[in-house]
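Notes for the one structure printed next.
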Amino acid sequence: ARLCSSSAASGTPADRYTHGHSSGVINQHSARTAENSARHLLPSLRDGLDVIDVGCGPGSISVGLARAVAPRGTLVAVDVAEDVLPMARAAARDAGVTNATFEFASVYDLPHPDDRFDVAHAHQVLQHLSDPVAALRELRRGVKP
1 ARLCSSSAAS
11 GTPADRYTHG
21 HSSGVINQHS
31 ARTAENSARH
41 LLPSLRDGLD
51 VIDVGCGPGS
61 ISVGLARAVA
71 PRGTLVAVDV
81 AEDVLPMARA
91 AARDAGVTNA
101 TFEFASVYDL
111 PHPDDRFDVA
121 HAHQVLQHLS
131 DPVAALRELR
141 RGVKP
């Protein structure tokens with residue numbers, strides 16, 4: 001997988017996923033679940049927490065994270081590849097998950113207030129970014145101390 005980077009007017013990197021979302025890529029990504037790809041995080045999640053999942057792809061991990069914080073918690077999943085968001089929404093709908101939303105957004109500029117989330121999750125994202133430190137700073141901004 002590769003990301004292309006270009007400088008935005010603000011000077012913040014504007015990475016976009018260029019590996020594509022062929023059926024083979026989607027099948028591979030869809031095999032990733034919270035149980036097999038975020039097992040380390042699951043014991044820390046509980047009902048009522050608010051989670052952000054950046055680089056959600058087809059939503060297969062997001063569904064499990066949302067279940068772990070249900071019914072009172074929420075999951076906001078974001079991806080910079082707009083074409084995968086309908087797949088992610090469908091995965092949540094098909095799984096009966098109602099506490100998740102899926103948004104088109106960049107990890108460099110999340111459309112949420114400071115201290116909005118209890119937990120941030122990013123699976124297979126940071127190594128593809130041109131400025132992972134800036135992404136981590138933005139995630140930190142959005143997570144409660």
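Going by full-length UniProt numbering, the sequence shown opens with residue 1, and the numbers climb by one from there.
C-beta: ideal position from N, C-alpha, C; glycine also.
Report the three-state DSSP secondary structure of Asp131 (helix, strand or coil). coil
Could you check whether Ala77 and Gly59 sit closer than 8 Å to each other, using their CB atoms as the reference points? yes
Span separating the alpha-carbon of Arg137 from that of Val125: 14 Å
Write down the C-beta distance between Leu65 and His121 rounded to the nearest angstrom, noting that I regard them as a contact closer than 8 Å. 6 Å
Taking the alpha-carbon positions, what's the residue 148 to Leu49 distance? The requested residue 148 does not occur in the structure, where the chain is confined to residues 1 to 145.
So, at 7 Å on beta carbons, what are the nonlocal neighbours of Leu75 in its own chain, with the 5 sequence-adjacent residues on each side left out? Val51, Asp53, Ser62, Leu65, Ala66, Val69, Asn99, Ala100
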